[in-house]
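Student:
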Amino acid sequence: MEWTGARYADTPTVEVETWIDAPPERVWELVSDVELMPSTSDELQSVEWQDGASGPALGARFTGHSRHQALGEWRTTSHIVEFEPPRTFAWAVDDPRHPSAVWRFTLQPVEHGTRLRQWMQMGPAPSGLSFAIDRMPDKEQKIVFVRMREFEHNMTATLAAIKQLAEARDGKADG
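Read left to right, the sequence shown gives residues 47 to 221 (our numbering).
(1) At which residue ranges does the region 125-156 contain complete beta strand (DSSP E) runs of 3 or more residues, listed in the order of the chain?
(2) Just tell me which of Trp165, Trp95, Ala178, His158 has its CA closest to the CA of Leu117.
(3) Rounded to the nearest angstrom, how far is the Cβ of Val62 from that of Leu205, given a contact under 8 Å?
(4) Less than 7 Å between the CB of Pro58 and some heavy atom of the ligand ATP, yes or no?
(5) Measuring only the C-alpha atoms, how far is Thr123 from Phe108?
(6) Between the Cα of Val156 and those of Ala68, Gln164, Gly98, spot the shortest distance and give me the residue it belongs to.
(7) Is Gln210 helix, strand or coil when you go by DSSP?
(8) Which stretch, first to last residue, makes up the alpha helix (DSSP H) that contains Leu162?
(9) Could you spell out the range, first to last residue, of the beta strand (DSSP E) harbouring Leu90?
(10) Under DSSP, the beta strand (DSSP E) around Trp65 begins and ends at which residues?
(11) Have a look at the DSSP bridge pairing and note the partners of Thr123.
(12) Mapping DSSP to helix, strand and coil, what is Gly174?
(13) Check whether the region 154-171 touches the region 180-187, taking contact to mean three or more Cβ pairs, one atom from each stretch, closer than 8 Å.
(14) Just how far apart, CA to CA, sit Asp56 and Trp95?
(15) Where Glu130 and Ala207 are concerned, what is the direct C-alpha to C-alpha distance, given to the nearest angstrom?
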């Protein structure tokens, strides 16, 4: 990720992608399983469905518990805002009309496998990062840049974990 000088109000985004040697339906099972995501992330610790939901659907809500060395521990409630199996899965953090972040997986069949992309947008609503920016407004661009690089690093690790799981569980590994 290159320096952009972005501020929080610019709603900066980051996207990573990988190719997976497994069909989109198999990859979809993994990316739409939010309860699996803590095992692919250093930051996300646990996830629970809300309102009696037991799986993903448009409008369903889930709560995530996260931890970061510099930011502490926090909990957010996310709302599924895009759900198009096996192509698009996205959720908005906190208020879906004015989220503190939006996250999206997109899957595309390509070369007998799947191109998987993970994208996220910071803001526009305030988040935990806003407190750091409020304390050090002269460092806002650096704070945003460092956090976006962390997201890029973590998302790359998440896609690598999904790739490993999808390829190990694809029919080829089972014999």
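Just so it is clear, CB atoms sit at the ideal spot from N, CA and C, and this is done for glycine as well.
Tutor: Short version:
(1) 134-139, 147-156
(2) Ala178
(3) 6 Å
(4) As far as ligands go, the structure on display features none, and thus does not contain the ligand ATP.
(5) 6 Å
(6) Ala68
(7) helix
(8) Counting along the chain, Leu162 falls outside any alpha helix (DSSP H), though it belongs to the beta strand (DSSP E) covering 159-168.
(9) 90-95
(10) 59-66
(11) Thr109
(12) helix
(13) no
(14) 31 Å
(15) 22 Å
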